[in-house]
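Student: Under this note's numbering, the sequence shown has 618 at position 71, and the numbering climbs by one with no breaks.
Heads up, the beta-carbon is just placed ideally off N, CA and C, and yes, glycines get one too.
Values in this document were obtained by computation on a predicted structure and should not be read as measured data.
Just dropping this structure here.
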Amino acid sequence: MIDLLPEYSYGICRTGEQPVRRGPNHVRSRNSDRWHRPRYGRSYPDGRVAYGYWCGSGTPAGWGQDEVPDADYLCATCEGRWEGQRQNRLIFTPRKSLPPTTCPASRTILFPKDALRRFACLVCGEDVKVSGGWNRGPYVSIHKTGANLMDPCPHHGWFRLCLNKQGRVVCACTIKGGVVW
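Here's what the structure looks like:
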């Protein structure tokens, strides 16, 4: 078993899907002619698990195992990228899964309703100001991500942030009792 990366996407996850944190060393579908290294996984309410591979492809269902028979083929792209990311000098981590250098609240309306000029960013905690002009309403000024960046959504990372009714920043998939619309 290996640790899997989160699958951050702009898309809407279906209700009940959960990210898979650990998976087998190798995965393949019934139609595949080679074994792949899983990069991320997602489980469905009916028990199925889908994996995305290091080579960029994936499978909606398949099987996995830790050891591959010597006679079977391995995906060279998956093996190279998986091995490269373990050495810490080669980076194959998707850029979107790394903490952003510019705060996700920059140029958004994710600020407290009572903020007049300056406030603590609701996403990263930095001291920022409200910007805007005559042709655009108020918005959060562009700023570097602070040390107190909120945890990413396991499905969407920092891509779908919004304010809930209590004025807290959350992922849009948590609104309406966790049901994604």
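Taking the continuous alpha helix (DSSP H) assigned at W629, which residues delimit it?
Tutor: Looking at the DSSP string, the run of the alpha helix (DSSP H) that includes W629 is 623–633.
Student: Do V677 and A767 come within 8 Å of each other at the CB atom, strictly closer than that value?
Tutor: Here the chain covers residues 548 to 728 and nothing more, so residue 767 does not appear.
Student: Is DSSP giving A597 helix, strand or coil here?
Tutor: In this structure, A597 counts as strand in the three-state DSSP scheme.
Student: How is T606 classed by DSSP in three states: helix, strand or coil?
Tutor: T606: strand per DSSP, three-state reduction.
Student: Going by Cα to Cα distance, which pick from H573, W705, I689, C602 is closest to T649?
Tutor: With distances taken between Cα atoms, T649 lies closest to I689.
Student: Run through DSSP, which three-state label would C511 get?
Tutor: The displayed coordinates of the chain run from 548 to 728. Any statement about residue 511 would go beyond what the structure contains.
Student: Quick check on Q713: does DSSP put it in helix, strand or coil?
Tutor: Note: Q713 maps to coil in three-state DSSP.
Student: Using DSSP with H/G/I as helix, E/B as strand and the rest coil, what is L708?
Tutor: Here L708 sits in strand by DSSP.
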